[in-house]
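Have a look at the structure below, then the notes.
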Amino acid sequence: MFELSFIWAGIIAFAVLTYVILDGFDLGVGILFPFAESEREKATMMNSIAPIWDGNETWLVMGGGGLFAVFPLAYAVVMPALYMPITLMLLALIFRGVAFEYRWRTKRWKSVWDVAFCGGSLLAAFMQGIALGALVQGIEVADRAYAGGWWDWLGPFSVLTGLAVVVGYALLGATWLILKTEGDLQRRMQGLAWWLAVGTLGFVGLVSLLTPFLNPEYFDRWLNLPGSLLSVVMPVAVLGTAWALFTGLNDGKDAQPFLASLGLFVLCFVGIGISFYPHIVPPGLTIVDAAAPDESLLFALVGTVVLVPMILGYTAYAYWVFRGKVDPEEGYH
660 MFELSFIWAG IIAFAVLTYV ILDGFDLGVG ILFPFAESER EKATMMNSIA PIWDGNETWL
720 VMGGGGLFAV FPLAYAVVMP ALYMPITLML LALIFRGVAF EYRWRTKRWK SVWDVAFCGG
780 SLLAAFMQGI ALGALVQGIE VADRAYAGGW WDWLGPFSVL TGLAVVVGYA LLGATWLILK
840 TEGDLQRRMQ GLAWWLAVGT LGFVGLVSLL TPFLNPEYFD RWLNLPGSLL SVVMPVAVLG
900 TAWALFTGLN DGKDAQPFLA SLGLFVLCFV GIGISFYPHI VPPGLTIVDA AAPDESLLFA
960 LVGTVVLVPM ILGYTAYAYW VFRGKVDPEE GYH
C-alpha cells in the first residue's frame with residue numbers, strides 16, 4: 660500500500676542528514692578554534708564558514724518543523740524526552756551565532772566571544788550526539804505519550820555518542836579547513852585530521868558494536884539473515900571510505916579528505932536508518948502510527964516539493980560563489 664508517511668520520513672531524514680553534513684563541519688571549525696595560533700588564523704577559520712553557516716542551519720529548521728507538521732505524535736514524544744539536550748543545543752547555537760557578529764566589532768571582549776564561539780560549537784555538537792544516543796537506545800512510550808523520566812536521555816551510551824559526534828564534527832571541520840586554507844594552518848589541520856579520523860573510526864566501531872545489544876529488534880536486524888548481509892556490506896563500505904580519507908591526508912589532497920569524511924557520516928546515517936526502520940521513535944512508535952492524516956501530508960508535500968529545490972539551489976549557489984581558498988586578508992563584516 661502506498662504510504663505518504665514513508666515519503667515524508669524520507670524527506671525528514673534527508674533534511675536531518677543535510678544538516679548534519681553541512682552544519683557539522685562549521686561546528687567542527689568552532690570546536691577546533693583553540694588550535695589557531697594567531698588572530699590571523701582565527702579570522703581565516705571563521706571567514707571560511709562565515710558566508711554559509713546560517714544557511715546550513717536552514718535544514719535544522721526544516722527537520723524540526725517538518726517533524727512537528729507531519730509527525731505530530733513523534734514530536735510530542737521526542738520533545739519531552741529530549742527537552743534538556745535540545746534546549747541546551749539551541750542556546751549553544753544562539754551564543755555561537757551572536758559570536759559571529761560581535762567578535763569582529765570589539766577588541767576588549769573578543770576573547771569572550773571566542774569562548775562563546777568555541778563553547779557554543781562544542782556544546783551544540785555534544786548535545787546533538789546525546790540526543791541521538793538517547794533516541795537510539797529507545798524512548799519509553801505509553802498511551803501515545805512519553806512515559807519515561809526526566810533524566811532518561813543521560814546515560815553511558817548517550818554520552819558515548821555525544822563524544823563521538825564531537826570528534827566526528829571536529830574531523831569534518833579539520834578536513835574543511837584543509838580544503839579552504841593554505842600554509843601552516845592547512846598543514847596543522849592535516850596532522851590533526853589524521854588523529855581525529857582514527858578517533859572517529861574508533862567511536863564508529865564501538866557504537867556499532869553496542870547498538871545491536873540495546874534493542875532485540877536491532878540485534879535481529881543486523882545479526883540474522885538477510886540483515887546480517889548488511890553487517891558485512893556496511894563495514895566494507897566504511898573501510899573503503901576510511902582508506903580514501905587516509906590516502907587523501909597522506910597524499911596532501913585538498914578535497915578528498917573532506918569528501919571522504921562526509922561519506923563516513925552518510926554511511927553512519929544509513930546504518931541508523933536501517934536500525935530504526937520502520938520506527939520513527941524506537942522501540943514502539945512506527946512511521947505510520949506517528950503520521951498526520953493523509954490530507955495534511957499531501958497538503959504539506961505540495962509546498963515542500965516547491966521549496967526544497969529552491970533551498971538546494973540557493974545553497975549550491977552560495978557554495979559556488981564562495982568556492983576556493985580563503986583570503987586571510989579579507990574580513991567578515
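To get the working numbering, take the position in the sequence shown, counting from 1, and add 659. Beta carbons are placed, not taken as given, at the ideal position from N, Cα and C, and that holds for glycine.
Bridge partners of residue i, per DSSP?
i, result
"L944", "V940"
"A801", "A804"
Spatial neighbours of residue i within its chain, please: C-beta separation below 8 Å, excluding the five flanking residues on both sides.
i, result
"G788", "S817, T820, G821, L822, A823, V824, V825"
"T765", "W772"
"E841", "K984"
"G911", "Q849"
Sorted by chain position, which residues of the same chain lie with C-beta nearer than 7 Å to residue i's C-beta, five sequence neighbours on each side aside?
i, result
"V947", "E662, S664"
"A919", "T900, A903, L904, G907"
"F935", "P941"
"D953", "L663"
"L844", "E700, T703, L836"
"M660", "Low per-residue confidence applies at M660: pLDDT is 42, beneath 50, and the placement is therefore not dependable enough to give any value."
I need the straight-line Cα distance from residue i to residue j, nearest angstrom please.
i, j, result
"M743", "L836", "32 Å"
"V940", "V737", "8 Å"
"W979", "Y973", "10 Å"
"H938", "L944", "6 Å"
"K701", "L855", "20 Å"
"D802", "F878", "26 Å"
"L782", "A751", "6 Å"
"L691", "L813", "25 Å"
"F776", "P815", "27 Å"
"A833", "Y976", "23 Å"
"G669", "V863", "23 Å"
"L971", "F981", "16 Å"
"S770", "E876", "49 Å"
Confirm, please, whether the CB-CB distance from residue j to residue i is below 8 Å.
i, j, result
"A790", "I753", "no"
"Y828", "G714", "no"
"I666", "L960", "yes"
"P739", "Y805", "yes"
"L851", "F694", "yes"
"I994", "F924", "Because the chain is modelled from 660 through 992, residue 994 falls outside the range shown and cannot be assessed."
"L926", "A896", "yes"
"M748", "A674", "no"
"V795", "T870", "yes"
"S955", "V729", "yes"
"A1076", "A949", "Any answer about residue 1076 is impossible in this case: the structure gives the chain only from 660 up to 992."
"G689", "R762", "no"
"A914", "P731", "no"
"R880", "I931", "no"
"D682", "L741", "no"
Run through DSSP, which three-state label would residue i get?
i, result
"T840", "coil"
"W810", "coil"
"W667", "helix"
"T717", "helix"
"A914", "coil"
"I745", "helix"
"G983", "coil"
"W768", "coil"
"L691", "coil"
"P739", "helix"
"P710", "coil"
"N909", "helix"
"S697", "coil"
"F730", "coil"
Using C-beta distances below 6 Å, list every residue in its chain close to residue i, excluding the 5 sequence neighbours before and after it, in chain order.
i, result
"H992", "Caution is warranted here: a pLDDT of 46 is assigned to H992, below 50, making its placement in the model unreliable, and the coordinate value is therefore given only provisionally. Result list for H992: empty, nothing under 6 Å."
"P987", "R699, T703"
"S707", "K839, V985"
"P942", "G797, N874"
Establish whether the CB of residue i and some CB of chain D are separated by less than 8 Å.
i, result
"W835", "As a matter of chain content, chain D is missing from the structure shown, which is built from one protein chain."
Looking at residue i and the ligand SAH, is the gap between the Cβ and the nearest heavy atom below 7 Å?
i, result
"R982", "The ligand SAH is not among the ligands present in this structure, which contains no ligands whatsoever."
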